[in-house]
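Student: What follows is a structure written as structure tokens; I'll ask about it next.
In my numbering, the protein residues as written are 58 to 564.
Here it is as structure tokens:
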């Protein structure tokens, strides 16, 4: 084959260009630090880079956004729950003091002030929020757990109770002594024989100061599985013609409703009917052991719990928690908020208000405050009567009133101390509930921390793999570039020498 100068020249230019392209490629790698500048340079590297970048992006989303959000939510929740635990612990300690008996009036007054303070604070803690979202409100993150101010808003509430909601309470009938003043002391007519103590049956609702125009309806199942109803008769706590606590037998269905205190007083007959309810295991779609009480409340004070977070209720044409009444609510339909914190991993971050405290907590405090108030009132009456007797020591009516007040004070004080004793068990129950919520939140926080540590390792691994896949070894590329430059320069020199030689040099 004849090799001409043209062929040699073309081959030399092609080789020079190939060396130049290679030098440009390596120079680009050195300047950018990347193995490829376009997918076609190396499709395998490009595809793997896309996969690794996607994984790294997902890990960064979890590690830098979701996990910190979950940790912040849980931290705020844990802080609020800790406050509630502290308050309920103080409640228990005050119950212990009351159960041991008060040595002085000042001791009793201190406990009373503590109870009032705790009563105001305990539910307010439930309004803790994270980034404007209330952490104990379930899906209703824009709705606080409590009313921020006193409001007038009608709610029709259905409480789903059990026989455990039935209780016996001691009632001290002190006649007209509660309303005694220095001006009417002589004419009250209450004697020692008029002061009595009795045990009554009671069902306490979750709210006091309820509607005094709509009578509650009690629904239950009898032994035959038939649905029965009772309608309570409204009797005001301030009714002077009829004692609400001792007149349940006079009511048509044997139930008296005291709207001011939110109590249902039951006759022996009504109590027996409700105490006999029992669930039938054969009817899984019906809970015969449930006692439903439907009533209305149209005024709420500051820090009162909002009914929609606890009960099936209706307000302003909106039905809340209707599934509670049909049994359609289970763990899968409760208002749990979960964050995705990893690949196919989610952690529940919220705690429901009902898992932290119940309306019974404040109502238990109400009972103690009321009992202390009765004792304080009677103690003041005794002091007033003693002062009056000092001025008129021979006044027989005042002496009768004093004897009645002393007996009433003894009975009320005994009732108060026993109430403190029983409240210790109730306070422990509230404390157990709050501690369970605290433990659950702590466990979730620990899990998020473990996930965070694993994500940090995954992030490092993906960054390393991505770097190894996409980035060049600077030292190696520098050496290669130097080699290519030498090859390129050598090709230029060789081509220059070859180009100088022609056929004429041999003629």
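Each residue gets a CB set at the ideal place from its N, CA and C atoms; glycine is no exception.
1. Below 7 Å, is the gap between the Cβ of residue 344 and the nearest heavy atom of the ligand COA?
2. Does the distance from the CB of residue 13 to the CB of residue 356 come in under 8 Å?
3. Using 8 Å as the threshold, is the stretch 197-206 in touch with the stretch 359-368, meaning 3 or more CB pairs across them?
4. What first and last residue would you give for the alpha helix (DSSP H) that runs through residue 139?
5. What residue range is occupied by the uninterrupted alpha helix (DSSP H) comprising residue 418?
6. Rounding to the nearest angstrom, what Cα-Cα distance links residue 108 and residue 78 in this structure?
7. Between the alpha carbons of residue 354 and residue 215, how many angstroms are there, rounded?
8. Okay, do the stretch 144-153 and the stretch 493-511 touch, 3+ Cβ pairs below 8 Å being the bar?
9. Quick one: what's got a C-beta closer than 6 Å to residue 273's C-beta in the same chain, skipping five residues either side?
10. Whose CA, out of 455, 487, 131, lies closest to the CA of residue 240?
11. How would you call residue 506, buried or exposed, if buried means at least 16 neighbouring beta carbons within 10 angstroms?
12. For residue 191, count neighbouring Cβ atoms within 10 angstroms of its own Cβ and tell me buried if that reaches 16, exposed if not.
13. The alpha helix (DSSP H) with residue 322 in it runs from where to where?
14. From residue 459 to residue 476, what distance separates their C-alpha atoms?
15. From the DSSP output, in three-state form, read off residue 404 for me.
16. Please return the same chain residues whose Cβ sits closer than 6 Å to the Cβ of residue 230, not counting the five positions on each side in sequence.
17. Beta carbon of residue 484, beta carbon of residue 413: below 8 Å?
18. Let me check understanding here. Comparing Cα to Cα, which of 391, 502, 172 lies closest to residue 196?
19. DSSP three-state label for residue 211, please.
20. What separation, rounded to the nearest whole angstrom, lies between the Cα atoms of residue 286 and residue 182?
21. Using DSSP bridges, identify the partner residues of residue 257.
22. If you follow the alpha helix (DSSP H) that residue 108 is in, where does it begin and where does it stop?
23. In angstroms, rounded to a whole number, what distance separates the CA positions of residue 280 and residue 184?
24. Using the rule of at least 16 other Cβ atoms within 10 Å of the residue's Cβ for burial, across every protein chain shown, is residue 165 buried or exposed?
25. Would you kindly check if the distance between the Cβ of residue 334 and the Cβ of residue 277 is under 8 Å?
26. Enumerate in chain order the residues of its own chain whose CB-to-CB distance from residue 256 is below 8 Å, with the five nearest sequence positions on each side excluded.
27. Counting along the chain, where does the alpha helix (DSSP H) carrying residue 166 start and finish?
28. Note down the Cα distance separating residue 440 from residue 453, rounded to an integer number of angstroms.
29. Identify, in the order they occur along the chain, each residue of the same chain with its Cβ nearer than 7 Å to the Cβ of residue 345, setting aside the five sequence neighbours on each side.
30. Shortest alpha-carbon distance to residue 178 belongs to which of 301, 141, 161, 535?
31. Assuming residue 488 contacts residue 146 (C-beta within less than 8 Å), just tell me the rounded distance between them.
32. Using DSSP with H/G/I as helix, E/B as strand and the rest coil, what is residue 409?
33. Under the rule that 16 or more other beta-carbon atoms within 10 Å means buried, what is residue 212, buried or exposed?
34. Alpha helix (DSSP H) containing residue 381: first to last residue?
35. Would you tell me roughly how many angstroms separate the C-alpha atoms of residue 67 and residue 99, rounded to the nearest one?
36. Is it the case that the Cβ atoms of residue 321 and residue 260 are separated by a distance below 8 Å?
Tutor: This is what the structure holds:
1. For the ligand COA, the structure offers nothing, since it holds no ligand at all.
2. The requested residue 13 is not part of the displayed model; the chain covers only 58 to 564.
3. Yes, the stretch 197-206 touches the stretch 359-368.
4. Within the chain shown, numbered from 1, the residue matching residue 139 stands at position 82. Segment 124-157, the alpha helix (DSSP H) holding residue 139.
5. As a position in the chain shown, residue 418 is number 361, starting the count at 1. Residue 418 -> alpha helix (DSSP H) spans 416-448.
6. For the purposes of this step, residue 108 is taken as the residue at position 51 of the chain shown. For the purposes of this step, residue 78 is taken as the residue at position 21 of the chain shown. Roughly 29 Å between the two C-alpha positions.
7. Along the chain shown, one-based indexing puts residue 354 at 297. Along the chain shown, one-based indexing puts residue 215 at 158. C-alpha separation (whole angstroms): 11 Å.
8. No: the two stretches stay apart, fewer than three of their Cβ pairs being nearer than 8 Å.
9. In the chain shown, residue 273 corresponds to position 216, counting from 1. Scanning its chain for C-beta atoms nearer than 6 Å, with the 5 sequence neighbours on each side dropped, one finds around residue 273 the residues 289, 314, 350, 352, in chain order.
10. Position 183 of the chain shown, counted from the first residue, corresponds to residue 240. Of 455, 487, 131, the residue nearest in Cα terms is 455.
11. As a first step, residue 506 must be located in the chain shown, where it is residue number 449. Exposed: under 16 other Cβ atoms inside 10 Å.
12. For this step, residue 191 is matched to residue 134 along the chain shown. Sixteen is the threshold: when 16 or more other Cβ atoms of the shown chains lie within 10 Å of the Cβ of residue 191, as they do, the residue is buried.
13. As a working mapping, residue 322 is identified with position 265 in the chain shown. Premise fails: residue 322 lies in the beta strand (DSSP E), 320-323, not in any alpha helix (DSSP H).
14. Against the chain shown, residue 459 aligns to sequence position 402. Against the chain shown, residue 476 aligns to sequence position 419. CA-CA distance, residue 459 to residue 476, rounds to 25 Å.
15. On the chain shown, position 347 is the one that residue 404 refers to. In the displayed model, residue 404 falls within a strand according to three-state DSSP.
16. As a first step, residue 230 must be located in the chain shown, where it is residue number 173. Within the same chain, residue 230 has close Cβ partners 253.
17. As a first step, residue 484 is located in the chain shown; it is residue number 427 there, counting from the start. As a first step, residue 413 is located in the chain shown; it is residue number 356 there, counting from the start. At a Cβ-Cβ threshold of 8 Å, residue 484 and residue 413 do not count as neighbours.
18. As a first step, residue 196 is located in the chain shown; it is residue number 139 there, counting from the start. Minimum Cα distance to residue 196 is reached at 391.
19. Numbered from 1 along the chain shown, position 154 holds the residue referred to as residue 211. Residue 211: strand per DSSP, three-state reduction.
20. As a position in the chain shown, residue 286 is number 229, starting the count at 1. As a position in the chain shown, residue 182 is number 125, starting the count at 1. Rounded to whole angstroms, the separation of the alpha carbons of residue 182 and residue 286 is 38 Å.
21. Position 200 of the chain shown holds residue 257. Answer is 226.
22. Sequence index remark: in the chain shown, residue 108 carries index 51 (1-based). 100-118 is the extent of the alpha helix (DSSP H) around residue 108.
23. If you number the chain shown from 1, residue 280 lands on position 223. If you number the chain shown from 1, residue 184 lands on position 127. The straight-line gap from Cα to Cα measures roughly 43 Å.
24. The residue labelled residue 165 in the question sits at position 108 within the chain shown. Within 10 angstroms of the beta-carbon of residue 165 lie 16 or more other beta-carbons, which makes it buried.
25. Start at 1 with the first residue of the chain shown, and residue 277 comes out as number 220. Start at 1 with the first residue of the chain shown, and residue 334 comes out as number 277. Their beta carbons are under 8 Å apart, which means residue 277 touches residue 334 by this criterion.
26. The sequence position of residue 256 within the chain shown is 199, counting from 1. If we look at residue 256 and ignore the five residues flanking it on each side, its Cβ neighbours are 225, 226, 227, 228.
27. Stepping through the chain shown from its first residue, residue 166 is reached at position 109. Here the alpha helix (DSSP H) through residue 166 covers 162-181.
28. As a working mapping, residue 440 is identified with position 383 in the chain shown. As a working mapping, residue 453 is identified with position 396 in the chain shown. Spanning the alpha carbons of residue 440 and residue 453 requires a straight line of approximately 17 Å.
29. Taking the chain shown and counting its residues from 1, the one referred to as residue 345 is at position 288. Same-chain partners within the cutoff: 278, 282, 334, 335, 336, 337.
30. The residue given as residue 178 occupies position 121 in the chain shown. Residue 178 has its Cα closest to that of 141, out of 301, 141, 161, 535.
31. Taking the chain shown and counting its residues from 1, one reaches residue 488 at position 431. Taking the chain shown and counting its residues from 1, one reaches residue 146 at position 89. That pair is a contact at about 6 Å.
32. Taking the first residue of the chain shown as position 1, residue 409 is located at position 352. Looking at residue 409 - three-state DSSP - the assignment turns out to be coil, as it is neither helix nor strand.
33. Within the chain shown, numbered from 1, the residue matching residue 212 stands at position 155. Residue 212 is classed as buried because its beta carbon has at least 16 other beta carbons within 10 Å across all chains shown.
34. Working through the chain shown from its first residue, we reach residue 381 at position 324. Judged by DSSP secondary structure, residue 381 falls within the alpha helix (DSSP H) whose first and last residues are 380-383.
35. By one-based count along the chain shown, residue 67 stands at place 10. By one-based count along the chain shown, residue 99 stands at place 42. Residue 67 and residue 99: Cα-Cα distance of roughly 29 Å.
36. As a first step, residue 321 is located in the chain shown; it is residue number 264 there, counting from the start. As a first step, residue 260 is located in the chain shown; it is residue number 203 there, counting from the start. Yes.
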